[in-house]
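To start, the structure itself, in structure tokens.
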Amino acid sequence: MLEQEDFIEMRNVGYNSIFFLLGIIISAPMIGIFFVATSSVNDLSYSSVLFGNLPTLTTYSLNTFLLCVGTATVTVVYSIPAAWLLSAYEFKGKKVIEVFLILPMTMPAYILAYSYTDALDFSGWLSESLIQFFLFLSVFGSYEDARNSWPEIRSLYFACLLLGISLSPYVILVSRRAFQGNHVLLIEAARTMGVDSLTIFFKIVLPLARPAIIGALLLITMECLADFGTVSYFSIQTLSTGLYKAWLGYGDMSMTSLIAVFIFIVAIFIVFLDRLMKPKLYKVSSSKTKFRPIEARGKKRFFMLLFLSMSGIFGFFLPSMFLMKTSFETFLFMGYSGDYITSIISSVAKTLFLATTATILILSVSLIIIHILRQKNSKLSDVLAQVLASNYAVAGLVSALSLLTLFGFFREVFFEGIRYHQNITYFLSLSLLFLAYLSRYFAVGHGVLDSSLKSISRNVDFSAGSLGLPPLTAFVRLHLPLLKSSIMIAGILVFLDILKELPATLILRPLDFETLAINAYSYASDERLGLAAIPSFAMVVISLPVVLFLQKKLREVNY
């Protein structure tokens with residue numbers, strides 16, 4: 186008969202096998218990058234491709250760098266003070282403001298770009314009214330002066346602003362948690378000594394929270410590096426638009442390979458910087474003392490409300506009003522054909538199918554991996570899990586390219602000459618798309634669930650073991666109920682990310698598989714913003730209750 190040690194050994198082998206298999210699956214885009222780097226340059230070396238396209242690559246790189254720096258600046262200028270005001274002060278209407286600040290999560294930056302361009306471009310409906318008003322006030326001498334003086338909406342600066350607005354909720358959430366972390370004793374001591382809130386913020390809180398804030402900004406840099414919808418619509422020549430143009434526009438696989446590998450290297454470098462910052466998080470002696478916000482009244486409260494409302498106003502309410510206005514006018518003057526309405530309904534169904542299925546898949550894989558990590562309890566396993574989470578750095582376009590290259594390699598080796606039935610092709614396309622989602626957004630689900638599971642004392646495991654419960658049974662019966670709120674939060678974050686995802690879906694989707702994001706992108710690319718408004722607004726309508734539920738859950742766990 187098998188001894189208990191044999192059962193434990195068999196179980197460990199099973200855990201290692203599952204962990205290895207899931208690791209290979211999640212890392213498929215990273216593995217595919219190797220094939221992209223080695224098989225796409227043909228007879229040319231990277232140096233010849235690089236020097237042959239140096240001016241173009243320099244433009245792409247410079248614009249991408251400016252986009253990242255500009256977006257990070259916007260988020261720092263607004264999100265850090267907003268997070269501190271929410272942490273340090275108590276005022277009437279604070280719960281409403283907390284909802285305001287998270288509402289831009291419903292609006293991807295490319296939807297903001299569509300709505301603001303339609304309204305504020307020189308020929309836009311709102312800008313026309315503003316120009317007439319300014320001419321009436323003699324601000325402009327003539328209509329030609331107004332045209333020359335009117336700011337260019339489709340610009341790098343405005344793209345930075347829109348990306349900053351769209352990503353600000355993530356920085357606010359991370360910064361607020363850092364501000365309310367383990368600095369209570371220092372803050373209370375400073376208050377007792379009569380130090381004002383502004384000095385406390387700059388001298389105590391900001392230095393202690395700096396690593397967490399820098400981590401959030403590095404995450405935003407990765408998002409800017411991966412952004413395609415906004416920069417593509419604004420015709421900004423960045424690395425992502427350059428990759429798309431070289432690959433699908435010119436069919437230049439040498440240039441495509443070079444850009445993809447360069448994006449990947451930059452993204453991995455950002456991940457390395459983020460990991461480097463983690464050990465530098467300053468620790469202060471823990472205390473059960475709760476953070477006591479100061480009551481804000483009068484003019485101070487008014488200006489706080491005004492400042493904190495800006496995110497919700499410019500990141501949700503104004504663009505939502507613009508989209509509704511454009512949708513209504515298009516329906517009133519042009520009408521919507523039956524085919525168009527049917528396509529929108531179909532897009533809603535397909536979007537929900539992709540987002541829901543991928544969310545369930547990612548949560549399931551994340552739960553399996555955190556359970557294995559809990560049982561193995563080794564630093565090496567934790568490091569390997571962090572490597573898997575680093576796949577978030579692989580941009581959607583790069584992930585799509587690497588997966589298609591990897592699939593092409595295996596097809597040539599194992600299935601050369603085989604013709605696929607249409608249904609099999611459809612299934613393979615969806616499988617690659619779900620694999621891209623799993624690889625990129627595993628970090629979101631794993632990050633939330635892993636930190637929550639680590640907060641559960643191991644005494645729970647020891648007690649379950651002493652009662653004869655197997656580890657898997659203990660995980661299902663004890664850990665999962667304790668992780669309920671974290672599972673919901675992780676699921677919502679993954680759902681929202683996939684709902685708004687554009688580049689990977691655009692490349693890997695089956696033929697005629699239109700999601701709301703793709704519908705909006707296609708119509709906006711053809712300058713049919715009236716038709717793009719409906720799928721754009723549908724995404725907002727779907728996201729809104731999800732974001733409100735997220736805010737409720739975050740409040741329950743005091744996030």
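Residue numbering for the sequence shown follows the numbering used here, beginning at 186 and increasing consecutively. All residues carry an ideal CB built from backbone N, CA and C; glycine is no exception.
Out of Y435, A709, G427, point me to the one whose CA is closest to I444's CA. Translated into positions along the sequence shown, residue 444 becomes position 259. Selected option, being the one with the closest Cα: G427.
For E329, which of helix, strand or coil comes out of DSSP? What you label residue 329 is simply residue 144 of the sequence shown in a count that begins at 1. DSSP places E329 in the helix class (H, G or I) of the three-state scheme.
When you compare each of S420, P688, I287 to T271 by their alpha carbons, which one comes out closest? Within the sequence shown, residue 271 is the residue found at index 86, counting from 1. Note on residue identity: the sequence assigns Leu, not Thr, to residue 271. Ranking S420, P688, I287 by Cα distance to L271 puts I287 first.
Determine the closest residue to V726 out of M290, V679, F492, with distance taken between C-alpha atoms. For the purposes of this step, residue 726 is taken as the residue at position 541 of the sequence shown. Restricting attention to M290, V679, F492, the CA atom closest to the CA of V726 is found in M290.
Grab me the residues of D228's own chain with a C-beta within less than 6 Å of its C-beta, minus the 5 sequence neighbours each way, in chain order. Indexing the sequence shown from 1 puts residue 228 at position 43. For D228, the predicted model reports a pLDDT of 47, less than 50, meaning its position is unreliable and no value from the coordinates is stated.
Report all residues from its chain with a CB closer than 8 Å to the CB of L687; omit the five preceding and five following residues, and keep chain order. Walking along the sequence shown from the start, residue 687 turns up at place 502. Leaving aside the five residues that flank L687 on each side, the residues in its chain whose CB is nearer than 8 Å to its CB run, in chain order, P293, Y295, F413, G414, G581, A702, I703, Y706.
Please classify I526 as buried or exposed, where buried requires at least 16 neighbouring CB atoms within 10 angstroms. The count along the sequence shown starts at 1 and reaches residue 526 at position 341. Exposed, by the Cβ-count rule.
Pull the bridge partners of E514 from the DSSP assignment, please. Counted from its first residue, the sequence shown places residue 514 at position 329. In the DSSP secondary-structure assignment, E514 is not bridged to any residue.
Who pairs with I479 in a beta bridge, going by DSSP? Taking the sequence shown and counting its residues from 1, one reaches residue 479 at position 294. Under DSSP, I479 forms a beta bridge with Y274.
Quick one: residues in its chain with C-beta nearer than 8 Å to the C-beta of R334, no 5 flanking neighbours on either side, listed in chain order? Here residue 334 refers to the residue found at position 149 when the sequence shown is read from its first residue. Note on residue identity: the sequence assigns Ser, not Arg, to residue 334. Excluding sequence neighbours, S334 sits near F325.
Which residues in the same chain as W310 place their Cβ atom closer than 7 Å to its Cβ, once the five residues preceding and following it in sequence are excluded? Reading the sequence shown from its first residue, position 125 is the one you call residue 310. Only A304 meet the Cβ criterion.
Which residue's Cα is closest to the Cα of V446: K535, I218, N644? Translated into positions along the sequence shown, residue 446 becomes position 261. Ranking K535, I218, N644 by CA distance to the CA of V446 puts I218 first.
Own chain residues within Cβ distance below 6 Å of E480, not counting five before or after: The sequence position of residue 480 within the sequence shown is 295, counting from 1. Cβ neighbours of E480 beyond the five flanking positions: E275.
Just to confirm, is the Cβ distance from L620 to G208 under 8 Å? Working through the sequence shown from its first residue, we reach residue 620 at position 435. Working through the sequence shown from its first residue, we reach residue 208 at position 23. One thing to note: L620 has its Cβ no nearer than 8 Å to the Cβ of G208.
Assign G653 to one of two classes, buried (16 or more other C-beta atoms within 10 Å of its C-beta) or exposed (fewer than that). On the sequence shown, residue 653 is found 468 positions in, with the first residue counted as 1. Classification for G653: exposed.
Does DSSP put P656 in a helix, in a strand, or in coil? Locating residue 656 in the sequence shown gives position 471, counting from the first residue. Under the three-state reduction of DSSP, P656 is assigned to helix.
Leaving out five residues on either side along the sequence, give the residues of the same chain with a beta carbon under 6 Å from the beta carbon of G379. Along the sequence shown, one-based indexing puts residue 379 at 194. Cβ neighbours of G379 beyond the five flanking positions: none.
What's the C-alpha gap between T542 and Y611? As a first step, residue 542 is located in the sequence shown; it is residue number 357 there, counting from the start. As a first step, residue 611 is located in the sequence shown; it is residue number 426 there, counting from the start. Computed Cα separation, rounded: 16 Å.
Beta-carbon contacts of S575 that lie in its chain and below 6 Å, excluding the five residues immediately before and after: Counting from one through the sequence shown, the residue named residue 575 turns up at place 390. Residues V456 of the same chain have their beta carbon placed closer than 6 Å to that of S575, with the five preceding and five following residues left out of the count.
Using only the alpha-carbon positions, how far apart do P214 and T377 sit? Numbered from its first residue, the sequence shown carries residue 214 at position 29. Numbered from its first residue, the sequence shown carries residue 377 at position 192. Approximately 54 Å between the Cα atoms of the pair.
Below 8 Å between beta carbons: does that hold for Q736 and P656? Start at 1 with the first residue of the sequence shown, and residue 736 comes out as number 551. Start at 1 with the first residue of the sequence shown, and residue 656 comes out as number 471. Cβ atoms of Q736 and P656: not closer than 8 Å.
Contacting residues, own chain, Cβ-Cβ under 7 Å from A723 (five flanking each side not counted): For the purposes of this step, residue 723 is taken as the residue at position 538 of the sequence shown. Excluding sequence neighbours, A723 sits near I529, V533, L701.
For the 8 Å Cβ check, are there 3 or more pairs between the stretch 245-265 and the stretch 337-346? Flag = yes, the stretch 245-265 and the stretch 337-346 touch.
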